[in-house]
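Numbering (UniProt numbering), first residue to last: 1 to 389.
As C-alpha cells, then:
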C-alpha cells in the first residue's frame, strides 16, 4: 500500500493505492511501478510513492496488521494501534478501492478484542467514546455508515459470547455508537438521504424483522435506547416529519415480524415512549421531548395495517392507534395501564386497605407453613413404612 504524491494537493488528500507491478532496472533497483487507485491504474516513479507505514514488511494486509496489534497482550501496543487506526481512517477513506465491508469487519474484530481487554470502568468509558467518535474520521459519509453497519454485524456475531461481567460495557459501546450515528445525521442537517443511510446500516441486523438477524438481547437493547438517544441528540431540531423517517423501520417490523415479544418491546419502548414523554412533567421535565403529530403517526401506522398482515401484528398496531387516540383525548397511556393491571390510581389508599393487605399476608404465611408441615409428616410416614418393610 502506498500514497501517491501529488504536488498540487496536501498530503491528506493524496490517493491511496496498491502496487500491482514493479519494473526493476539493469542494476536490479526498482525505480518505476504501476499503482492501482480509485481512479484507475497509473505508472509512477518510485519517488512519487510514499510507503504506507501501516502495512507490514512481511506483506500482511493492513487490516490483519491492525487486528494483530489491537488484540495484542501488551497494553502499549494496543493503545498505539488504536491511535494509528484513527489516522488511517482519515487517509484511507479517499480511496474506495481499498476499503470495503470485509476489511471493516476484520478491523472491528480487532476493535472488539481491544475493548474486551478494557476492564476498569473509567477506561471503558474513555475508550468507548474514542471508538465511537471514529465514525466522524471518514471523509465520506458512505464509509461512516459502513463503519456503523459493520459494528452492529460484529456485535450480532459476538453477542452470545460476551459473559455477564463484560455485557454492561458492550451495551455502553452500543449506546455510544448509536448516539454518534444520530449525531452524524444531525451534522448533515437531518437530510433524508443521510437518514436512509443510517436506517440501512441498522436494517441488516437490529432493525431486521427476521428473528435470526441478530440476538434478541441486542435488538431489544437498541429498541430500549433508540428514542432516548434520538431525543438527546436532536430533540430541538427533529420535526414530526423527520421523526416519521426514523419510525418507518419499526413500522415495517410491526407489519411483517413473527416475534411477538419483540413487537411488545417496540410498542412499549418506541410508541408508548412518545405518548408518555410528558406523563409527569414536574418529575421528568429535564429530559428532552420529541415533537410529533398524533394524527400523522396514526396514519403512518394504519398504512401498514394491510389485509395480508398477521392477526397478532394487526392487534398490536390497532392497540397503538387506540393509545394515540386516547392521547389526543388527554388520557395518559401509562395511567390507564396502571388502572387496568394494578389499582385505581384516582382512589387513595386508606388504613383499611393496609390492614387488609397485612391480614392477607399473615394468612398466606400460615397457609404456607401448614402445607410445609403436612408435606414433612407425609415424608416422615413414608420413610417409616419403608424401614418396617
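Built from N, CA and C at the ideal position, the CB exists for glycine as well.
- One alpha carbon belongs to residue 89, the other to residue 317, and they sit about 43 Å apart.
- From the listed residues 24, 81 and 6, the smallest Cα separation to residue 16 is found for 6.
- The Cβ-Cβ distance between residue 135 and residue 180 falls below 8 Å.
- Cβ-Cβ separation between residue 66 and residue 107: approximately 6 Å, consistent with a contact (criterion under 8 Å).
- Cβ neighbours of residue 292 within its own chain (closer than 6 Å, five residues either side excluded): 240, 243 and 274.
- Under a 10 Å Cβ-count criterion, residue 75 is classified as exposed, with fewer than 16 other Cβ atoms of the shown protein chains found around its own Cβ.
- In the structure shown, residue 75 falls within a helical segment according to DSSP collapsed to helix, strand and coil.
- Nearest Cα to residue 297 within the set 322, 223 and 20: 322.
- Contact annotation: residue 151 and residue 177 have beta-carbon atoms nearer than 8 Å.
- When the beta-carbon positions are compared, residue 209 and residue 139 stay at least 8 Å from each other.
- Residue pairing by DSSP places residue 30 opposite 24 in a beta bridge.
- Residue state for residue 246 is assigned as helix, using DSSP reduced to three classes.
- Residue 81 places its beta carbon less than 8 Å from that of residue 70.
- Restricting attention to alpha helix (DSSP H) runs no shorter than 4 residues, the stretch 202-232 encloses none.
- Under the three-state reduction of DSSP output, residue 50 falls in the strand class.
- Your pair residue 312 and residue 236 does not check out as a contact, with CB atoms roughly 37 Å apart and the cut at 8 Å.
- An exposed status is given to residue 43, since fewer than 16 other beta-carbon atoms sit within 10 Å of its beta-carbon.
- Note that the C-beta distance between residue 4 and residue 14 is below 8 Å.
- For residue 294, the secondary structure class from DSSP, reduced to helix, strand or coil, is helix.
- DSSP, reduced to helix, strand and coil, places residue 277 outside both helices and strands of the structure shown, so it counts as coil.
- From the listed residues 230, 171 and 305, the smallest Cα separation to residue 198 is found for 230.
- In the assembly as shown, residue 384 is an exposed residue. Its beta-carbon has fewer than 16 other beta-carbons within 10 Å.
- For residue 173, the uninterrupted alpha helix (DSSP H) segment begins and ends at 167-187.
- Judged by DSSP secondary structure, residue 2 falls within the beta strand (DSSP E) whose first and last residues are 2-4.
- Residue state for residue 140 is assigned as coil, using DSSP reduced to three classes.
- Assignment of residue 257 by DSSP, reduced to helix, strand and coil, places it in the coil class.
- Residue environment analysis places residue 145 among the buried positions, since at least 16 neighbouring C-beta atoms fall within 10 angstroms of its C-beta.
- Residue 34 and residue 20 have their C-alpha atoms roughly 6 Å apart.
- With respect to residue 223, residue 214 sits apart: the two C-beta atoms are not nearer than 8 Å.
- A distance below 8 Å separates the beta carbons of residue 290 and residue 227.
- Sorting 194, 162 and 113 by C-alpha distance to the C-alpha of residue 148 places 194 at the top.
- For residue 265, the closest alpha carbon among the candidates 379, 225, 294 and 295 is that of 225.
- Assigned with DSSP and collapsed to three states, residue 39 falls in coil, not helix or strand.
- Per DSSP, reduced to three states, the secondary structure at residue 192 is helical.
- The beta carbons of residue 78 and residue 112 sit no closer together than 8 Å.
- Taken through DSSP and simplified to helix, strand or coil, residue 330 comes out as coil.
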